[in-house]
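Comments concern the structure below.
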Amino acid sequence: MNNDERRLVERSVNTIRFLAVDAVQHANSGHPGLPMGCAPLAYALWMNHLRHNPTNPRWFNRDRFVLSAGHGSMLLYALLHLTGYDLTLDDIRDFRQWESKTPGHPEFGITPGVEVTTGPLGQGVGNAVGMAIAEAYLAARFNRPGYEVVDHHTYVIAGDGDLMEGVSAEACSLAGHLGLGKLILFYDDNKISLAGATSLSFTENVGERFESYGWHVQHVNDGNDVASIDDAVRRAKEETSKPSLICVRTVIGYGSPHKQGTYTSHGSPLGADEVKAAKTNLGWPPEPAFFVPDDVAAHMRQAAAKGESSESEWTDLVDAYRKTHAGAADELVRMIEGVLPDGWDTDLPSYADETKDLSTRKASEAVLQVLAQHLPELIGGTADLNPSTLAWVKGFGDFQSPRLSDDVDRQGAVGETWDYSGRNIHYGVREHAMGAIASGMALHGGIVPFTGTFFTFSDYMRPSIRLAALMGLRVIYVFSHDSIGVGEDGPTHQPVEHLMGLRIIPNLRVIRPADAGETVEAWRNALRNLKSPTALVFTRQNLPILRDGLHAAPDGVHRGGYVLWQSSEQEPEVVLIASGSEVHVALKAGKTLADDGIPVRVVSLPCWEIFDRQEEGYRESVIPKSVKVRIAVEAGTTLGWEHYVGLDGAVVGMDGFGASAPASVLFEEFGVTAERVVAVSRELLAR
Ligand SMILES: Cc1ncc(C[n+]2csc(CCOP(=O)(O)OP(=O)(O)O)c2C)c(N)n1
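Numbering (our numbering), first residue to last: 1448 to 2134.
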């Protein structure tokens, strides 16, 4: 590099720094420290390595970039603007304002080029592992000699906060095991977090920790040394059998004479005087704000032309691939578009004539095996609970590093295949990372991920579920063992507040089917649902089959709730509303009341989120306001059911924790029984 080139790089780096500084100052809120420290690193990555196309942010084979340290959003916005994405200087001036394209933390779907919503620390690292898994799977499935149609890296910038969080430890431990060689993580090692120095709380040797995970680890001692960072990325790319960590020693708030290297530059504007001092210190004109020198603009904008040509090379490759591997090409395109193939759900099991009791987890297993035959995009796994949740795709092999030695113990493997084309991911006991990884796979595209664990451990995944809902991702969470029906394992394993706890997350569909037939429809619904995640909540215990000609068809699931059974044509005096296993309790109670001549209706309400979106006329036709005796039955928290039963109604549920005993005893002892529902109905009728 000659001196002119070196100066241009330095000016580019300072442009990134001061766009961030000015935007934060202008908004009077935000985080200038990270962009100031990471600008050289980001420059080296984005200008010399990242294969992306600013004019088409959705180009499928682009490298993925995740700013896990989402508070440093202005770093990303500056890069997007300067490399030619559809993000103007005015957008940057609008940082953190109402309806701007530059929200406080990066948000998927709002800003072109933002791959993922980040901000809750650690999540982005998990998402990136998911993207790398998606890439590895699709590459293994679709690439042919001479046709590397899926071939990209996933890059992440993570700070101390990200690496302190457990979710990143879980995810990186798994990434090391899986040997995800195209995952490259930068550790912004600036020794400062929000409230002070990392010496207060984070003194482990991060590099050694990652080495023990099986990562390739490098150190760059000067975060301003673009050439060294560049070399480190090159070496990281050469290491194809392990994920790479590049620890870069940076200075938070670099350039700010009074704030650099201190937590005061982390999360507040520098202040007008300090902005000026920092600019002067780094030889930058104090005015105007948001200054982008012409030569820097022209230089960094080259990324757009480079990106267009990368994409068009790839398009040519895919065209040639299509000629020789037509079927695979069609399938790849279909999966990228997220469209399900014709006939994907035509041979799902039917339980209309089935008489044997079946748990909904077992029915789910049967459905999943059929879906897996049609949908190669359906891949997933559980947090060490395959044999319990039954969320596996039998015969489709295990997603594992092909480089793991042949003599490893394969107990518990789900098929013969043992490489990146396997479709069962063994997450190990890492629920939180499983949630974040599943989101990363969905974000990557080409994949419909599913996960599995006990419902009570949905708590361990909640932060990732919330973000998936916020991003509107098609992720399917299988949760089994959904109530005190778990039985002997006791209250630690018996969900109580979890149904309500998940229902209150906006844009999450929580579906708790009442039998095998509803389970089929629940899966169908989850797959059709492109814009939100779905939690499928299944029983451990067997349930009767409802399809005996006396009950309405289970496709009512697609309306969230429906009239399952009614004692007669007569307007009901009692409406019993239930989900899952308690639908059977409600039915039994309903029949007792009917025998006494009381007209009763039983509503199966597997999904509130869907039901509440139905037009009012439909909702009213299922749960009429005029019927005052409305009783909800669910072996979970009662709080919230007023929504349907009103102040005149009642709820038969659980307001404390469960206990260790056989399930049938627990339902009796906690009073989630037909007898109780009958008694409560009579009380209300007598009022
Ligand atoms: C899960 C979570 N906890 C807390 C926060 C609040 N928070 C934002 S940044 C930050 C400190 C992060 O430190 P570091 O990663 O070193 O970032 P830097 O100070 O280098 O910008 C904290 C605690 C958060 N965003 N997410």
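For each residue, glycine too, the CB sits at the ideal point set by N, CA and C.
Per DSSP, what are the beta-bridge partners of V2047 in this structure?
Per DSSP, V2021.
Find the nearest neighbour of F1465 within the set V1572, P1479 and Q1858, judged by alpha-carbon distance.
Closest by alpha carbon: P1479.
Do E1935 and S2135 count as a contact pair if the criterion is CB distance below 8 Å?
What is shown of the chain runs 1448 to 2134, which leaves residue 2135 out entirely.
Distance, Cα to Cα, G1670 vs M1448?
Between G1670 and M1448, the C-alpha separation is close to 18 Å.
Give me whichever residues DSSP pairs with H1663 in a beta bridge.
Its beta-bridge partners are S1691.
Which residues in the same chain have their Cβ closer than 6 Å to the Cβ of N1833, if we skip the five residues on either side of it in sequence?
For N1833, where only same-chain residues beyond five positions count, the Cβ hits under 6 Å are W1839.
Distance, Cα to Cα, F1926 vs S2015?
The alpha-carbon atoms of F1926 and S2015 are separated by roughly 36 Å.
What does a CB cutoff of less than 6 Å around N1668 pick up in its chain, not counting 5 residues either side in sequence?
R1696, listed in sequence order.
Answer yes or no: do L1536 and V1561 have a C-beta to C-beta separation smaller than 8 Å?
Contact: no.
DSSP on N1989, reduced to helix/strand/coil?
It is a strand residue.
Would you report the Cα separation of E2067 and V2010, rounded to the nearest angstrom?
Cα to Cα, E2067 sits roughly 11 Å from V2010.
Contact check, V1698 vs G1519 under 8 Å by CB: the rounded distance?
Actually they do not touch by this definition, with Cβ atoms about 14 Å apart.
Just the C-alpha distance for E1554 and G1573, rounded to the nearest angstrom, thanks.
Taking the straight line from one Cα to the other gives about 16 Å.
So does E1612 have its beta carbon nearer than 7 Å to some heavy atom of ligand 1?
Indeed, a heavy atom of ligand 1 lies less than 7 Å from the Cβ.
Within 10 angstroms of its Cβ, does H2090 collect 16 or more other Cβ (buried), or is it exposed?
When all chains shown are included, H2090 counts as exposed.
With a CB to CB cut of under 7 Å and the five nearest residues on each side skipped, what residues in its chain are close to R2077?
V2022, I2024, I2070, Y2091, V2092, G2093 and G2096.
Identify whether G1862 lies in helix, strand or coil by the three-state DSSP scheme.
G1862 falls in the coil class under three-state DSSP.
Roughly how far, in whole angstroms, is the beta-carbon of I1580 from the beta-carbon of M1888, given that I think they are within contact range, below 8 Å?
With 8 Å as the limit, I1580 and M1888 qualify as a contact, their Cβ atoms being about 6 Å apart.
Any idea which residues DSSP pairs D1635 with across the strands?
Paired residue(s): G1606 and V1695.
Just mark R1682 as buried or exposed, buried being the case when its beta carbon has 16 or more other beta carbons within 10 Å.
Exposed, because fewer than 16 other Cβ atoms sit within 10 Å of the Cβ of R1682.
Given 7 Å as the limit, tell me if N1637 has its C-beta closer than that to any heavy atom belonging to ligand 1.
Answer for N1637: yes, Cβ within range of ligand 1.
Which residues does DSSP list as the beta-bridge partners of T1829?
H1873 and G1899, per the DSSP bridge assignment.
Helix or strand or just coil, what does DSSP make of T1645?
It is helical.
Hey, is the segment 1526–1543 in contact with the segment 1583–1599, meaning 3+ C-beta pairs nearer than 8 Å?
Touching, no, given that fewer than three Cβ pairs across the two stretches are closer than 8 Å.
Give a yes or no on whether the C-beta atoms belonging to S1911 and S1930 are separated by under 8 Å.
Cβ atoms of S1911 and S1930: not closer than 8 Å.
If distances are taken between C-alpha atoms only, which option among I1958, F1512 and Q1858 comes closest to P1980?
Answer by Cα proximity: I1958.
Please name the residue in T1530, A1474 and H1499 whose C-alpha comes closest to that of T1462.
Nearest of T1530, A1474 and H1499 to T1462, Cα basis: T1530.
Measuring from the CB of P1567, is there a heavy atom of ligand 1 at a distance below 7 Å?
Yes, since a heavy atom of ligand 1 falls inside the 7 Å radius drawn around the Cβ of P1567.
Considering only their Cβ atoms, is the gap separating T1558 from L1527 smaller than 8 Å?
Yes, the Cβ-Cβ distance between L1527 and T1558 is below 8 Å.
Between the alpha carbons of S1659 and V1653, how many angstroms are there, rounded?
Roughly 10 Å separates the two Cα atoms.
So what does D1541 bridge to, in DSSP terms?
DSSP, once it has assigned bridges, lists no residue as partnering D1541.
One question on the structure: do K1689 and H1663 come within less than 8 Å of each other, judged by their Cβ atoms?
In this structure, H1663 lies closer than 8 Å to K1689 by Cβ.
Is it the case that the CB of A1618 approaches a heavy atom of ligand 1 more closely than 7 Å?
Flag unset: Cβ of A1618 not near ligand 1.
Along the chain, where does the beta strand (DSSP E) that runs through F1512 open and close?
Per DSSP, F1512 belongs to the beta strand (DSSP E) from R1511 to L1514.
Just list the residues that DSSP pairs D1929 with in beta bridges.
According to DSSP, which records beta bridges pairwise, D1929 is partnered with nothing at all.
Could you check what DSSP says for A1486 in three-state terms: helix, strand or coil?
Residue state, collapsed to three classes: helix.
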